[in-house]
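Okay, so the sequence shown: first residue is 3 according to our numbering, each after it adds one.
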Amino acid sequence: MNHSPALTEFETHRRRLFGLAYRMLGSASDADDVLQDAYLRWSGVAETAREPAAYLTTIVTRLCLDTLTTARAKRETYVGPWLPEPIPAEPEALGVEGRAELNDTLSLAFLAVLERLTPLERAVFLLRDVFGYDYAEIAAFVGRSEPACRKVLSRARRFVRENRPRLPASADAHRAILNTFLGAMATGDTAGLLALLHEDVIVIGDGGGKAYAAPEPIAGVELVARFLAGLRRSMPTGYLAGVERINGWEALVVRSPEGRPYAVLTIESDGHRVHAVRSVINPDKLRALVPPT
């Protein structure tokens with residue numbers, strides 16, 4: 003199949019653009035919508051655009067800023083806690099190849115931190131510290147002056163530094179504590195869970211009103227341990243739980259016998275203790291995990 007020059011050019015930037023949009027929005031479906039809109043705008047100017055990469059990044063950034071503003075209003079009426087949408091992807095597949103130190107910027111724990119920034123702070127932080135653009139480029143992308151962008155970035159960096167999620171030193175360390183954690187959950191070993199959980203541990207479940215999840219975060223090591231130990235009893239009959247790579251990190255994925263996703267559970271740990279457990283059960287947020295037909 004022959005592609006138009008506009009589509010061919012767009013496809014060369016798709017991975018980076020999706021990586022930016024997904025990190026901006028915390029939603030693969032919203033990121034896809036942004037890229038569709040961006041392509042429509044791009045196709046009308048492709049023949050005359052002098053700097054395709056800069057034009058496309060500007061369009062995607064501004065569409066994301068608009069989408070975030072609308073999304074925040076919607077999330078005020080969201081049923082229960084809101085969590086980012088998990089995707090079965092590796093960090094290097096989303097626009098930061100060769101920068102292993104940025105792998106954690108795709109984790110659900112890190113995306114949850116970004117969610118607490120303003121839309122502009124989120125955009126400037128990602129454009130500078132994840133995608134490596136210079137201040138002149140960022141100023142053009144977001145329509146602000148360079149000094150203003152520097153101030154925005156300073157605020158965003160300070161917030162991220164103070165709230166950065168705990169992550170283990172390596173994938174092996176994460177796998178080790180995840181396996182121990184899942185083993186204790188599977189056997190209902192409350193004592194084993196108590197030994198793994200940090201005293202300030204929290205459980206956050208996102209059902210979106212479409213699947214059962216605790217309406218508020220559960221905090222406190224004893225409450226969390228009892229809750230997690232009992233989770234296996236809430237699994238539908240015949241459903242299977244397995245470890246899969248989600249947002250670059252191994253996580254528990256529960257699927258129906260036909261392979262349909264039912265829940266994704268991720269842990270945030272320092273490699274020694276689990277600090278947070280996040281579970282996404284809202285079926286609308288699990289579409290990226292649906293097996294192809």
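Where is the CB? At the ideal position from N, CA and C, for every residue including glycine. Note that the coordinates shown come from a computational prediction; the quantities given were computed from them, not determined experimentally.
Query: Which whole runs of the alpha helix (DSSP H) in the segment 34-83 are 4 residues long or more, in chain order?; Result: 54-77
Query: Please say whether residue 29 and residue 87 have beta carbons closer to each other than 8 angstroms?; Result: yes
Query: In three-state terms, what does DSSP make of residue 102?; Result: Annotation note: pLDDT 47 at residue 102 (below 50); position unreliable, coordinate value reported separately. The answer is helix: DSSP assigns residue 102 an H, G or I state.
Query: In the DSSP assignment, what are the bridge partners of residue 208?; Result: 282
Query: Compare the C-alpha of residue 117 against each of 239, 85 and 219 and name the closest.; Result: 85
Query: For the pair the segment 260-272 and the segment 56-76, tell me if three or more CB-CB distances fall below 8 angstroms.; Result: no
Query: In the DSSP assignment, find the unbroken alpha helix (DSSP H) run with residue 169 in it and report its ends.; Result: Segment: none, residue 169 is in no alpha helix (DSSP H) and carries neither H nor E.
Query: Could you tell me the boundaries of the alpha helix (DSSP H) in which residue 144 lies?; Result: 137-144
Query: Which residues in the same chain have their Cβ closer than 8 angstroms to the Cβ of residue 37, if we skip the five residues on either side of it in sequence?; Result: 16, 19, 20, 23 and 62
Query: Counting only the same chain and skipping the five closest in sequence on each side, list residues whose C-beta sits under 8 angstroms from that of residue 229.; Result: 205, 216 and 220
Query: Quick check: residue 194 and residue 188, are their CB atoms within less than 8 angstroms of each other?; Result: no
Query: Considering only residues of the same chain and omitting the five flanking positions on each side of residue 119, which have a CB-CB separation below 6 angstroms?; Result: 158
Query: So with Cβ pairs under 8 angstroms, would you call residue 80 a contact of chain C?; Result: The structure shown contains no chain C, having only a single protein chain.
Query: So, is residue 41 buried or exposed, given that buried needs 16 or more other C-beta atoms within 10 angstroms?; Result: buried
Query: Just grab the DSSP bridge partners of residue 89 for me.; Result: Paired residues: none, contrary to the question.
Query: Please classify residue 5 as buried or exposed, where buried requires at least 16 other C-beta atoms within 10 Å of its C-beta.; Result: exposed
Query: Smallest Cα separation from residue 225: which of 208, 212, 244 and 203?; Result: 203
Query: Going by the CB atoms, is the gap between residue 109 and residue 250 shorter than 8 angstroms?; Result: yes
Query: Please report the distance separating the alpha-carbon of residue 208 from that of residue 144.; Result: 31 angstroms
Query: From this set, 239, 178, 285 and 247, which residue's C-alpha is nearest residue 271's C-alpha?; Result: 178
Query: Leaving aside the five residues before and after residue 227 along the sequence, list all residues of the same chain whose C-beta is less than 7 angstroms from its C-beta, in chain order.; Result: 192, 195, 196 and 199
Query: How big is the Cα-Cα spacing for residue 70 and residue 286?; Result: 18 angstroms
Query: Let's test the definition: count the other Cβ atoms within 10 Å of the Cβ of residue 235 and tell me whether it reaches 16, buried, or not, exposed.; Result: exposed
Query: Suppose contacts are defined by Cβ-Cβ distances below 8 angstroms. Is residue 255 in contact with residue 237 by that definition?; Result: no
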